[in-house]
Structures are given as structure tokens and as C-alpha cells.
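Protein chains: 2
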Amino acid sequence: MNLADLFTPRLRELLPPLWGPSATSGEIPIVSLAYGLADPLVLPREELVEATAQILATDIDAVLNYAPVAAELVTLVAERLRREGVDAHEQQVLITYGSSQILGLLPQVLVNPGDTVLVEAPTFMGAVGLFARAGAHLVGVPVDANGLDVEALESTLRDLRARGVRPKFLYTIPTFQNPTGTTLSLARRQRIVTLAAEYGVIVVEDDAYIDLRFHGEPLPPMVALDQEGWVLRVGTFSKILAPGLRVGWAYGPQALIDRLRIVKVEGSSSPFVTHLVARFAAEGHLDTHIASLRRHYAAKCATMIAALRRELPELSFVPPDGGFFIWLRLPEGMSTHKLGPVALEQGVEVLHGNRCFADGSGSEYIRLAFSHVPETQIEVAIQRLGNSIRTLMG
Amino acid sequence: MNLADLFTPRLRELLPPLWGPSATSGEIPIVSLAYGLADPLVLPREELVEATAQILATDIDAVLNYAPVAAELVTLVAERLRREGVDAHEQQVLITYGSSQILGLLPQVLVNPGDTVLVEAPTFMGAVGLFARAGAHLVGVPVDANGLDVEALESTLRDLRARGVRPKFLYTIPTFQNPTGTTLSLARRQRIVTLAAEYGVIVVEDDAYIDLRFHGEPLPPMVALDQEGWVLRVGTFSKILAPGLRVGWAYGPQALIDRLRIVKVEGSSSPFVTHLVARFAAEGHLDTHIASLRRHYAAKCATMIAALRRELPELSFVPPDGGFFIWLRLPEGMSTHKLGPVALEQGVEVLHGNRCFADGSGSEYIRLAFSHVPETQIEVAIQRLGNSIRTLMG
Chain A
1 MNLADLFTPR LRELLPPLWG PSATSGEIPI VSLAYGLADP LVLPREELVE ATAQILATDI
61 DAVLNYAPVA AELVTLVAER LRREGVDAHE QQVLITYGSS QILGLLPQVL VNPGDTVLVE
121 APTFMGAVGL FARAGAHLVG VPVDANGLDV EALESTLRDL RARGVRPKFL YTIPTFQNPT
181 GTTLSLARRQ RIVTLAAEYG VIVVEDDAYI DLRFHGEPLP PMVALDQEGW VLRVGTFSKI
241 LAPGLRVGWA YGPQALIDRL RIVKVEGSSS PFVTHLVARF AAEGHLDTHI ASLRRHYAAK
301 CATMIAALRR ELPELSFVPP DGGFFIWLRL PEGMSTHKLG PVALEQGVEV LHGNRCFADG
361 SGSEYIRLAF SHVPETQIEV AIQRLGNSIR TLMG
Chain B
1 MNLADLFTPR LRELLPPLWG PSATSGEIPI VSLAYGLADP LVLPREELVE ATAQILATDI
61 DAVLNYAPVA AELVTLVAER LRREGVDAHE QQVLITYGSS QILGLLPQVL VNPGDTVLVE
121 APTFMGAVGL FARAGAHLVG VPVDANGLDV EALESTLRDL RARGVRPKFL YTIPTFQNPT
181 GTTLSLARRQ RIVTLAAEYG VIVVEDDAYI DLRFHGEPLP PMVALDQEGW VLRVGTFSKI
241 LAPGLRVGWA YGPQALIDRL RIVKVEGSSS PFVTHLVARF AAEGHLDTHI ASLRRHYAAK
301 CATMIAALRR ELPELSFVPP DGGFFIWLRL PEGMSTHKLG PVALEQGVEV LHGNRCFADG
361 SGSEYIRLAF SHVPETQIEV AIQRLGNSIR TLMG
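Protein chains in written order, with my numbering: chain A, 1 to 394; chain B, 1 to 394.
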């Protein structure tokens with residue numbers, strides 16, 4: 001009798017982990033620009049200890065017992081959506097363990113194996129992995145300096161319809177996109193909302209970085225433009241408070257939220273953590289913190305841009321208006337497969353561009369995260385990157 | 001174009017929520033004995049504030065950033081298993097958002113719609129709901145004063161095999177069972193482990209209450225008796241620390257743990273909360289707290305038993321050696337459907353026994369939880385129950 005015979009067909013084969021460890025080296029300490037982690041310098045310590053004491057001093061039964069998610073957090077999310085122009089209703093908010101939980105649960109609601117899902121090319125590698133594991137057929141739509149190319153989107157939708165294919169959803173990161181750092185223009189947002197209704201396709205709008213704007217005016221999220229209920233907005237407290245708390249959320253069509261709630265099999269998220277985040281915000285810390293994060297990351301971004309222009313003046317890139325990333329096209333003919341090992345030898349780790357494309361293309365790009373590395377090490381890292389590229393160019 | 005057309009077949013229909021709100025009444029405040037919540041009096045306030053300050057004062061990047069689950073918590077679970085006689089390996093431990101997350105994810109790994117799953121009759125209603133939603137065909141095996149009836153189990157397994165059916169798993173709560181409060185004898189534990197290997201069936205051993213023993217000697221969990229790797233032990237910090245933190249775990253065969261990790265789509269559990277629990281334990285608070293909980297709940301249980309014997313001497317029941325519950329058979333001919341409304345009028349809420357049977361039978365039973373209600377209200381609640389029963393008997 002074999003235990004493995006009991007597994008459901010899709011889990012017979014063991015899938016590789018979605019996340020790998022950072023590179024290490026015996027030689028010199030590596031500065032990593034590979035991952036979009038938060039800067040530990042700006043993780044709020046005292047405020048969280050204070051908020052913990054406050055929530056435990058009040059209604060301990062609501063915070064530490066079996067209890068629903070903090071209603072105050074649901075209200076907070078709805079209020080923040082209203083500030084963005086959404087006529088938000090609390091019952092359409094679902095609080096989850098990070099926004100990645102939503103990306104993992106969505107296919108259970110929407111994807112039968114073989115169903116088509118549209119993703120940006122390039123996009124967030126974690127989302128690609130979760131959709132692909134559910135058996136989705138991923139179709140990439142290109143991104144340019146103004147975000148997702150809506151002409152390409154429309155022609156893709158038209159071609160698919162001609163072949164009888166209705167994609168289940170489009171996954172997009174409209175603001176300070178991961179990995180390109182670009183922002184979808186207002187005109188394109190409006191066009192996408194129109195196309196969604198016309199083609200009956202859900203738009204999954206992952207706006208993880210929306211609050212981390214360094215300059216320029218905010219644009220309305222697509223969920224604010226959506227009159228017909230095709231947009232699911234995905235949000236997170238990971239970028240504006242702390243990833244380690246694991247608090248994300250979704251807002252959108254009631255029928256979709258209701259079903260996401262069902263496939264979230266463990267029930268509602270931690271009362272303790274959701275009360276903690278709500279209290280942090282109620283004390284006024286969240287808005288103050290976001291303002292300080294914007295200044296902090298803007299300075300780090302500016303430092304990286306200046307270092308790149310000094311060190312690698314021949315490379316052009318789109319300077320981001322916010323977020324965590326700069327997307328770099330390597331010199332003609334150079335691939336990240338060649339650059340990666342040389343850069344590690346020089347003591348800098350970058351994310352290989354092909355990790356960001358559903359079809360594995362994109363090895364002419366690298367993604368640089370300025371979020372996690374100490375600001376003093378950004379110049380060192382970019383010098384090492386410059387040396388690596390010059391070494392390969394001979 | 002209809003959004004609902006995009007849902008996968010099993011989510012077209014909207015399933016009702018697994019959990020309902022407690023009863024309320026405009027007349028008199030209701031004392032509820034319906035749910036196995038923790039007593040708010042013994043939720044540890046100061047120790048958790050202190051532990052929060054400690055974890056944030058040390059490696060904040062590991063606690064608040066994107067990071068793996070606290071390794072210290074994995075080690076703690078393995079050490080506690082070793083104390084129970086398990087030769088535990090850390091890589092076979094999976095930390096989850098409450099043990100209910102494991103019960104929700106298990107069917108994704110093991111159950112194709114129509115597959116057979118064995119459950120105790122009666123059992124934990126939340127588990128039944130999660131297995132049934134996944135399309136499992138649930139077969140009940142009776143429970144007596146010594147826990148699961150192993151003769152009935154063997155004949156069920158034999159009958160199923162004769163019909164070509166290999167059940168995917170047996171779900172059992174061996175210690176201070178929910179809802180009956182009974183404990184599986186050592187001989188039966190050994191027999192179940194033998195039967196599991198013989199019939200190639202996984203045993204899901206949910207030992208949520210194991211540490212809340214009021215008297216008597218602890219028995220080894222089945223995972224400690226299992227030489228061939230058929231037992232998955234499910235554990236939780238909800239009963240021994242705080243449900244609101246949502247921290248549970250599973251330990252078992254590597255191939256099964258690896259697959260549970262894959263279907264836990266949001267990745268590893270909160271670094272913040274897992275470090276918090278590990279620190280609470282490292283400071284020595286967990287063992288002290290468990291000792292104090294055992295005294296606290298033992299006293300409440302004794303109060304309820306005394307009140308029942310005084311108020312309803314004609315009813316016999318099995319006094320539990322630990323846990324949260326007393327299981328009561330109603331007088332001949334009385335059903336919980338009749339008793340429930342009368343009891344609510346009298347100001348006491350109980351759990352209807354039929355909520356604990358996969359086939360909806362069991363309306364001749366009620367479950368009384370002594371865990372959540374303040375000790376001073378236990379006598380009042382049992383008096384009201386006695387009045388209700390006497391009213392119905394005329």
C-alpha cells in the first residue's frame with residue numbers, strides 16, 4: 001500500500017518551490033538588489049508594540065479568541081478606497097493573509113485547467129507561478145513606458161474571441177509596475193475597463209505600490225472607473241506597514257468576493273493581527289508612516305538612478321515615479337544568463353529578467369530593487385554591476 | 001456578458017457559511033454553552049505584549065519583513081512531539097493559520113469528488129463541513145466511552161474494500177474528543193495504526209485538546225505509535241495560548257507535508273505571529289500557562305458536572321478527563337429540535353447534537369461547552385437547562 005496513491009492527480013508530481021533563497025558566496029558579502037523586500041530601517045517598531053498593548057488592554061475576547069476579522073480594518077480599507085474615488089461597500093472587502101493569498105485563491109474560483117489568463121509581459125513572477133500551477137494557459141500582453149499596451153490587449157482579446165476563447169481574467173499591476181516601474185496612463189485605464197465589460201473579462205488590479213508615489217499626481221484605480229463590476233482590486237499592507245504581518249485584501253464584485261471567502265478554507269484572517277493593523281492606523285500612524293516611506297524610498301530611488309547614469313550612461317531606462325524597482329535593458333547581445341554569475345562574483349545579485357515573463361523570455365533584462373538594500377550600499381552595488389557589464393563587454 | 005459564467009463548476013452555487021452567529025434574544029441575556037471558545041479570563045495579556053516588544057527589539061527584518069516562518073516555532077513543535085514519544089524531524093512540520101487550515105487543505109491533496117472519507121460519529125462540525133465541501137463522501141464510524149469503536153472501523157474498512165473502495169483518510173480526535181469528551185484507549189490507538197497500514201488509509205489525528213488533561217496519565221498520540229508513516233498529526237496553539245493568533249501545525253509523512261505546503265497558496269505563515277508564539281514559549285510562559293489552564297478548565301468542568309448531577313440526576317454522561325465539552329443524551333423521546341427553542345427562552349444556548357453528525361442524525365444529544373462561559377454562570381446555565389428539560393417532560 002502506497003500513500004502516494006492517495007494524492008489527487010494534480011498533486012502526484014511534487015512542484016518546485018515558488019521562492020528560492022538569496023544567493024550566497026564564500027568570497028565577498030553579496031549586496032542583493034534581487035528582491036522587493038521592505039527596508040528594515042523603516043519598519044515601525046515602537047508603534048506596533050504600543051498598538052499591541054492597546055488592543056490587548058481593551059476587548060481581549062475580540063482580539064485573542066475565536067472571532068471575526070477586525071471590523072475596523074474592513075472599514076479602514078473601505079475608507080481608503082473611498083479616498084481613491086470608489087463608492088466602496090464594506091461587505092465587498094475581503095481581508096486575507098497577504099495579497100499573495102488572493103492570487104493563489106483566484107484560480108480556484110476562476111480557472112479550470114487549460115483556461116486562458118492574460119498577464120503583463122513582464123509581470124510579478126509570484127503571480128505567474130500561482131496561476132500556472134492551477135493549470136492556467138498564460139498569454140502575455142506587452143508593457144511599454146505607459147504601462148500595459150491596450151492596443152495589444154484589444155487585439156489579443158479579439159483574436160482569442162475569434163478562436164472561441166474567453167479569458168478568465170487579466171492580471172495587471174497598474175501603478176509602479178513590478179518589474180518595470182511604469183504606470184498605466186488614465187486613458188489606458190479607461191480603455192481597459194471598457195474592454196473588460198465588452199469582452200466579459202475580469203480585471204485583477206494589483207495595486208501593491210499605489211501609496212508609494214514619489215512625485216506626480218495620483219491616478220484613479222480602475223476599480224473607481226468600473227461602472228459594470230468587472231474589476232477586482234487587490235491591495236496589501238506589506239508595502240506600507242510590514243510584510244511580516246501578512247495582511248492583504250481584495251475589493252470587487254460581490255459574487256467574486258463571496259467565492260474567494262469560500263475557498264479561503266481557514267476562515268477569516270487573524271483577529272489579533274487585523275486588530276493590530278487597524279489600531280496602528282486609528283492612532284494616525286499609517287498616514288504618517290506612508291508619508292515617511294515615500295520620502296525614504298524616493299531618496300533611495302534617486303540615489304540608484306544617479307548611480308546608474310554615472311556608472312552605466314549608455315543604458316537607458318524609464319525612471320519610476322514610485323514603487324520599489326528599476327527595470328534595465330542590458331547592452332545589445334548581453335544576456336542575464338551571462339551577466340548573473342559575473343555579477344555574483346563581483347558581489348551583487350540582481351533578478352534575471354526572464355523570471356518575470358510567463359514564457360521565460362526576457363533574458364535581455366534585469367530588475368533592480370532599491371527598496372531593501374541600505375542606501376549607503378546602492379552606489380557600491382551599481383559600481384559592481386557596472387564592472388560586471390564592462391567585463392562582459394570586454 | 002455575465003461574470004458568474006467565469007466561475008469554476010464547483011463554485012457556481014454559493015455555499016452557506018460554515019459558522020453561524022450565536023443566538024441573541026430581546027428578553028434575557030443568553031448564557032451560551034454552544035461553542036468551544038477559550039475563556040477570556042485566561043488569555044495571556046502581559047506576556048504577549050512583552051513578547052511583542054522582545055521580538056521587535058531583536059531581528060526586525062526576520063519578524064516584519066518578507067521572511068520564512070520562525071524556525072524557533074518549528075523547533076518548538078518538534079520538541080513537544082519528542083516529549084510525546086515521536087522521533088520528530090523539523091522538515092516534517094508545517095505551520096499553518098490554525099489547524100482548521102489543514103482540515104481545509106487536506107481535501108485538495110487527497111479528495112477527488114466522490115472519494116470516501118471516514119469520520120467519527122459524532123465529530124467536529126467544522127471538519128465535516130470542510131470535507132463535504134470538497135465533495136467527499138463521508139462515512140461515520142461510531143464513538144463510545146473509549147473513543148472510536150475500532151471493531152466498527154475494521155468492519156467498515158472491510159466492507160468498503162469488498163466494494164473496491166479505499167477511503168482517503170480517517171479523521172479522528174483521539175483525546176477529549178469534540179463533542180463527546182471521550183479519550184481513545186491505548187489498545188485502540190495501536191489497533192487503528194495497524195489498520196491504517198493494512199488498509200492503506202491515512203489517519204488524521206487532530207489532537208487539539210491533548211494538553212488540557214485534568215487528571216490521569218497522558219496517552220501517546222498515534223503518530224508516536226506509527227512505524228509505517230500513515231498518521232498525520234494536527235495540532236494547534238488555539239487551545240493552549242490564544243485562538244485569535246491563528247497558529248496551528250501538522251506533522252506527518254514527508255510526501256503529504258510537502259503537498260500541503262504547495263496547496264497553502266499564500267506561502268509560509270506570518271513571521272510576526274510565529275516569532276511571537278515561539279518567544280512566548282521560549283520565555284517559559286507556555287508551560288506555565290498550560291499548567292494554569294489545566295487547573296482552570298478542570299475547575300469549570302467539575303462545576304458543570306456537579307451542577308448536572310444536581311439538576312438533572314436522571315441523565316448519565318461520560319465525565320471528560322480534559323478538554324472543553326460534555327456530551328449529553330437527552331431523556332428518551334426528547335429531541336434537540338424541541339429543546340433548543342425552549343432553552344433559548346429560558347436563557348441558555350446549547351449545541352444541537354445533529355450538528356456533530358455527518359449524516360444529520362444525533363438530535364437526541366446536546367453538546368455543552370464549559371470553556372468560555374464564566375464559572376459563576378455555569379450553575380445558572382445548567383439550572384436553566386434543567387428547567388427547559390423539565391418543562392418539555394411536562
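Backbone N, C-alpha and C define an ideal beta-carbon position, used for all residues, glycine too.
query                                                                                                                                                        : result
Under 6 Å Cβ to Cβ from E72(B), same chain only, skipping five residues before and after it: list those, please.                                             : A278
Answer yes or no: does any C-beta atom of chain A fall closer than 8 Å to that of Q346(B)?                                                                   : no
Under the three-state reduction of DSSP, which class applies to Y199(B): helix, strand or coil?                                                              : helix
Can you check which of these residues, S363(B), G362(B), G347(B), C356(B), is closest to I382(B) by C-alpha distance?                                        : G347(B)
Using 10 angstroms around the beta-carbon of T391(B), count the other beta-carbons present and answer buried if the total reaches 16, otherwise exposed.     : exposed
If we count the other Cβ atoms within 10 Å of its Cβ and call it buried at 16 or more, is I28(B) buried or exposed?                                          : exposed
Starting from the beta carbon of F7(B), find every residue of chain A whose beta carbon is closer than 7 Å, and list them in chain order.                    : V109, L110, R259
According to DSSP, is R12(A) part of a helix, a strand, or is it coil?                                                                                       : coil
Taking contact to mean at least 3 C-beta pairs separated by less than 8 Å, is the stretch 243-253 of chain A in contact with the stretch 86-95 of chain A?   : yes
So P331(B) and E314(B) are in contact, right, with Cβ under 8 Å, and what is the actual spacing, rounded?                                                    : 7 Å
What is the C-beta distance between C356(A) and M125(A), in whole angstroms, given that I count them as a contact (C-beta under 8 Å)?                        : 6 Å
Using DSSP with H/G/I as helix, E/B as strand and the rest coil, what is R80(B)?                                                                             : helix
State the Cα-Cα distance for the pair S99(B) and A121(A), rounded to the nearest angstrom.                                                                   : 38 Å
If we ignore side chains and look at the alpha-carbon of each, how far apart do L33(A) and I60(B) end up?                                                    : 19 Å
Can L212(A) and Y297(A) be called in contact, C-beta distance under 8 Å?                                                                                     : yes
Taking the alpha-carbon positions, what's the V201(A) to L15(B) distance?                                                                                    : 24 Å
Runs of 4 residues minimum, wholly inside the stretch 313-377 of chain A: which ones carry the alpha helix (DSSP H) assignment?                              : 336-346
Specify the secondary structure class of F169(A) as computed by DSSP and reduced to three states.                                                            : strand
Compile a chain-ordered list of the residues in the stretch 209-238 of chain A whose CB is closer than 8 Å to at least one CB of chain B.                    : G229, W230, S238
When the distance is taken between beta carbons, is F7(A) closer than 8 Å to V109(B)?                                                                        : yes
Closest to G284(B) by CA distance: which of L241(B), D258(B), I257(B), F324(B) is it?                                                                        : L241(B)
Please confirm whether I366(A) and V380(A) have their CB atoms less than 8 Å apart.                                                                          : no
Give me the chain A residues within the contact set of V74(B), using Cβ-Cβ distance strictly less than 7 Å, ordered along the chain.                         : Neighbours of V74(B) on chain A: none; closest Cβ ~16 Å, over 7 Å.
If we cut at 8 Å on Cβ distances, does I378(A) have a partner in chain B?                                                                                    : no
Sorted by chain position, which residues of the same chain lie with C-beta nearer than 8 Å to L276(B)'s C-beta, five sequence neighbours on each side aside? : L48, A51, T52, I55, L245
Quick one: does P29(B) have its CB under 8 Å from some CB of chain A?                                                                                        : no
Can you list, in chain order, the residues of the stretch 43-66 of chain B whose Cβ is nearer than 7 Å to any Cβ on chain A?                                 : L43, R45, L48, V49, T52, A53, L56, I60, D61, V63, L64, N65, Y66
Give the residues from the stretch 164-192 of chain B that approach chain A closer than 7 Å (Cβ to any Cβ), ordered along the chain.                         : K168
Beta-carbon of V273(A) versus every beta-carbon of chain B: anything under 8 Å?                                                                              : yes
If distances are taken between C-alpha atoms only, which option among Q227(A), G140(A), S316(A), R191(A) comes closest to D87(A)?                            : Q227(A)
When the Cα atoms are used, what is the spatial distance from T395(A) to V234(A)?                                                                            : Because chain A is modelled from 1 through 394, residue 395(A) falls outside the range shown and cannot be assessed.
Who are the neighbours of S100(B) on chain A, taking C-beta pairs under 8 Å?                                                                                 : V265, E266, G267
With a threshold of 8 Å between beta-carbons, can M1(B) be considered close to chain A, or not?                                                              : yes
Alpha carbons only, please: which of L312(A), D144(A), N65(A), L256(A) is nearest the one belonging to R12(B)?                                               : L256(A)
Which term fits S269(A), buried or exposed, when burial requires 16 or more other beta carbons within 10 angstroms of its beta carbon?                       : buried
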